[in-house]
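So for the sequence shown, the working numbering puts the first residue at 27; every next one is plus one.
The block underneath contains the structure these notes are about, expressed in structure tokens.
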Amino acid sequence: MAGRVRLAKDVDVDAVAAVLATAYAADPWIAWIVAAERRQERVTALQSSLIAVVGLPHGKVWLGEDGDRNVGAALWLPAAARFGRSVG
């Protein structure tokens, strides 16, 4: 079956988070800031929050599928996106 990429919805947060967590769990920066114990679980939770709080409301979140497998994900934010409070 040919793969496809589609816009993610609220119900896809867990699937997108799992794909991104798998991709980034071994990233040197993530390995430096997230303890090794339960790293995959922690990075998945971090990705879930990022997707739900920032990605879906303020940008575009994409999910790549190949049949019943989730094989890719991306979160895109507009260049002018601003979040939270200003510092200074």
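All residues carry an ideal CB built from backbone N, CA and C; glycine is no exception.
- With a threshold of 16 other beta carbon atoms within 10 Å, Val-42 meets it and is buried.
- Distance check between Arg-64 and each of Thr-48, Ile-77, Leu-76 and Ala-106 places Thr-48 closest, using alpha-carbon atoms only.
- Under the criterion of beta carbons closer than 8 Å, Val-69 and Ile-77 do not qualify as touching, at roughly 12 Å.
- Per DSSP, the continuous alpha helix (DSSP H) segment holding Arg-68 begins and ends at 65-76.
- For Ala-41, the uninterrupted alpha helix (DSSP H) segment begins and ends at 39-50.
- Each residue's CA atom was taken as its position, placing Arg-32 and Asp-53 some 25 Å apart.
- Residue Ala-107 holds the alpha-carbon nearest to the alpha-carbon of Val-80 among Ala-107, Asp-38 and Trp-58.
- Taken atom to atom, the span from the alpha-carbon of Leu-82 to that of Ala-99 is near 13 Å.
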